[in-house]
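Numbering (this note's numbering), first residue to last: 30 to 603. The beta carbon of each residue, even a glycine, is placed where N, CA and C say it ideally should be. Here the structure is a predicted model, which is why all the values come from computation and not from measurement. Single-structure report; data block below.
Structural data, given as structure tokens:
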């Protein structure tokens, strides 16, 4: 028995020593960059899309100091965008290249993590290295990664993953020896950076616990005792992170227990279904979408939620029961669930199914696949099947990136698949309007209206397309219908601007004042109303609106330009 332990210990030492910075990892990252560049080439020149327009380099803050960029809840993410803005301004190319670089580095880190976990599972050296390379390749070319790489706003996932994977790789380094205070501090520092890049990185705490409960023996506390130092450092940090995340969720408009559209238990019902959709997309990646039409289960029986809850509980139970026979599969499946938990448990988020949330959790499923093929004899037929799977993933990845290169095609695909959600139709309309191809949106909107006759987003999309075509009265009717469905600041601002375009100043002013009342924190509403006051020669009222906008966003270029106009006109009159 002691001989076997010594053999495992020696084996563990051989695979951990110097792996992280060895040349074969560097070469793997370079190879990943070359392969990734070929697969993602179509998306590198793609325009900004969806939430990209809400990022700092598209807003007034872009001219601010670095300190202002870093003032939000994700400072390390914002620092990366600040670097891009300094390099290329609002040209999307450098942003896409930066995302690809992150993905290539993450591929190398996935290789390191897989290599070390397979070593803990006592795989021999040759199989361990081969499986780690293949697993990292799957991570690199899997179509589910495209939303985290080709979508600029998806960087929050990939950059947080970089620090999470790096922290985990450091934790696994020399795992069979007790962790030192120094290495514990490094792990916790990287953990903190990951969480400050995106909040869902807090799942690393659960992953560390799972690791220590799984190795060297399944569900013993030996690992916890050996690595107590990291948990002593982690406990206060996790407590502070919980408070911080709670504060973020309490004020967030699209996440948290204050979300009006769905309760915590309804979200839990929905996520039981979402977990299996993520599994399907991982193993059979067809039917991808930038904006999935995935309805909420408001009751446990709606959309079969109870079936998925029972099935999920059964899978977790089965995984635990077979932990001794299939330790790697058990660990991988539970790792997948833990990494997915921050977004797929009971904390409501406006969008219940988002592909980029699978960026890191897919590593757990790669471990499950490693367990499944461990005992296979690698005949010519088995190798052919493996190559076919890799070719399929690579082909689908390239095809998906071809869509990301043209945002209107991404939205068109989402709109084609949507039967209950109008937002893809609005995204498509805005993309086509940006290219002055307004008429091409009409067939999609006609179909959407047949499926969803009273949908806010579709009515707004109709209004924008009709305005683009110069049919202002028809556009106004559509926007008024949208306001009747959901009276918010956004739609009344559109109505006010449209009235102004039609030369109806009084109606425009009334609509813009309504927009300001409904959204007192809406900078663009204040600026639009300020512009209207300028058109009415009321400089004092216009200045008041611009100053109010600047009190909300001190770096609003629109508000500052408005103030400058007023000062120039006032000086000219004097």
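* **residue 378 in three-state terms, based on DSSP** => Here residue 378 is taken as the residue at index 349 of the chain shown, counted from 1. Residue state, collapsed to three classes: strand.
* Does DSSP put residue 512 in a helix, in a strand, or in coil? -> Mapped onto the chain shown, residue 512 falls at position 483. Here residue 512 sits in helix by DSSP.
* **Identity of the residues DSSP links to residue 328 by a beta bridge** => Numbered from 1 along the chain shown, position 299 holds the residue referred to as residue 328. For residue 328, which the question treats as bridged, DSSP gives no partner whatsoever.
* Asked: In angstroms, rounded to a whole number, what distance separates the CA positions of residue 585 and residue 576?
  -> The residue labelled residue 585 in the question sits at position 556 within the chain shown. The residue labelled residue 576 in the question sits at position 547 within the chain shown. Distance between the alpha carbons of residue 585 and residue 576: 10 Å.
* Asked: Out of curiosity, what's the CA-to-CA distance linking residue 219 and residue 386?
  -> The count along the chain shown starts at 1 and reaches residue 219 at position 190. The count along the chain shown starts at 1 and reaches residue 386 at position 357. If I take the Cα positions, the gap works out to 20 Å.
* Where residue 305 and residue 290 are concerned, what is the direct C-alpha to C-alpha distance, given to the nearest angstrom? -> As a position in the chain shown, residue 305 is number 276, starting the count at 1. As a position in the chain shown, residue 290 is number 261, starting the count at 1. Near 23 Å, if we compare the C-alpha coordinates of residue 290 and residue 305.
* Cβ neighbour criterion (16 or more within 10 Å) applied to residue 565 -> Locating residue 565 in the chain shown gives position 536, where the first residue counts as 1. The residue is exposed, with fewer than 16 neighbouring Cβ atoms inside 10 Å.
* Quick one, which of 356, 428, 429 has its alpha-carbon nearest residue 400's? -> On the chain shown, residue 400 is found 371 positions in, with the first residue counted as 1. When only C-alpha atoms are compared, the closest one is 356.
* Under 8 Å between C-beta atoms of residue 57 and residue 148 -> Locating residue 57 in the chain shown gives position 28, counting from the first residue. Locating residue 148 in the chain shown gives position 119, counting from the first residue. Not in contact: residue 57 and residue 148 (Cβ atoms no closer than 8 Å).
* Rank 65, 497, 323 by C-alpha distance to the C-alpha of residue 179 and give the top, closest one. => The residue labelled residue 179 in the question sits at position 150 within the chain shown. Of the candidates 65, 497, 323, the one whose C-alpha sits nearest the C-alpha of residue 179 is 65.
* Can you name the start and end residues of the alpha helix (DSSP H) that residue 286 belongs to? -> Locating residue 286 in the chain shown gives position 257, counting from the first residue. Careful: residue 286 lies outside any alpha helix (DSSP H) and carries neither H nor E.
* Asked: Is residue 247 helix, strand or coil when you go by DSSP?
  -> Position 218 of the chain shown holds residue 247. In this structure, residue 247 counts as coil in the three-state DSSP scheme.
* To do: With distances taken Cα to Cα, identify the nearest neighbour of residue 237 among 554, 264, 227.
  => Within the chain shown, numbered from 1, the residue matching residue 237 stands at position 208. Checking every option, the nearest Cα to that of residue 237 belongs to 264.
* Closest to residue 587 by CA distance: which of 597, 552, 392, 568 is it? -> Walking along the chain shown from the start, residue 587 turns up at place 558. Looking at the Cα atoms, 552 is the closest of the given residues.
* Asked: Closest by CA to residue 458, which one among 427, 497, 420, 448?
  -> Residue 458 sits at position 429 when you count from the first residue of the chain shown. Taking only the C-alpha atoms, the option nearest residue 458 is 497.
* Asked: Residues in its own chain within less than 7 Å of residue 510 by CB, not counting five upstream and five downstream?
  -> Counted from its first residue, the chain shown places residue 510 at position 481. Taken in chain order, the residues that qualify are 488.
* Cut-off 8 Å between Cβ atoms - residues of its own chain near residue 300, not counting five sequence neighbours on either side -> Here residue 300 refers to the residue found at position 271 of the chain shown. If we look at residue 300 and ignore the five residues flanking it on each side, its Cβ neighbours are 373, 374, 375, 381.
* **Of the residues 226, 393, 332, 428, the one placed nearest residue 317, counting alpha carbons only** => By one-based count along the chain shown, residue 317 stands at place 288. When only C-alpha atoms are compared, the closest one is 428.
* Considering residue 543, what are the terminal residues of the alpha helix (DSSP H) in which it resides? -> On the chain shown, residue 543 is found 514 positions in, with the first residue counted as 1. Judged by DSSP secondary structure, residue 543 falls within the alpha helix (DSSP H) whose first and last residues are 534-547.
* **Closest residue to residue 134 among 98, 55, 378 (Cα-Cα distance)** => Counted from its first residue, the chain shown places residue 134 at position 105. The residue with the shortest Cα to Cα distance from residue 134 is 55.
* What runs of the alpha helix (DSSP H), each 4 residues or longer, lie entirely inside the segment 387-445? -> 391-402, 409-433
* **Cutoff 6 Å; reference residue 362; Cβ partners in own chain excluding five residues on either side** => Counting from 1 along the chain shown, the entry for residue 362 is found at position 333. Closer than 6 Å at Cβ, skipping near neighbours: 348, 397.
* May I ask you to check if the CB of residue 344 is nearer than 7 Å to at least one heavy atom of the ligand NAD? => Here there are no bound small molecules, and the ligand NAD is not part of this structure.
* **Selected residue, minimal CA-CA separation from residue 425, among 131, 115, 171** => By one-based count along the chain shown, residue 425 stands at place 396. Comparing Cα-Cα distances from residue 425 to each of 131, 115, 171, the minimum goes to 171.
* Looking at C-beta atoms only, is the number of pairs between the segment 452-470 and the segment 204-224 that lie closer than 8 Å three or more? -> no
* Asked: Rounded to a whole number of angstroms, what is the C-alpha to C-alpha distance between residue 377 and residue 409?
  -> Looking up residue 377 in the chain shown gives position 348. Looking up residue 409 in the chain shown gives position 380. Whole-angstrom Cα-Cα distance: 48 Å.
* For residue 466, the three-state DSSP class (helix, strand or coil) -> Along the chain shown, one-based indexing puts residue 466 at 437. DSSP places residue 466 in coil when its eight states are reduced to three.
* **Alpha-carbon to alpha-carbon, residue 582 and residue 101** => In the chain shown, the residue the question calls residue 101 occupies position 72. In the chain shown, the residue the question calls residue 582 occupies position 553. Computed Cα separation, rounded: 13 Å.
* Could you have a look at residue 140 and say whether DSSP puts it in helix, strand or coil? => Position 111 of the chain shown holds residue 140. Reduced to three states, the DSSP call for residue 140 is helix.
* To do: Note down the Cα distance separating residue 452 from residue 262, rounded to an integer number of angstroms.
  => Position 423 of the chain shown, counted from the first residue, corresponds to residue 452. Position 233 of the chain shown, counted from the first residue, corresponds to residue 262. In a straight line, the C-alpha of residue 452 is about 44 Å away from that of residue 262.
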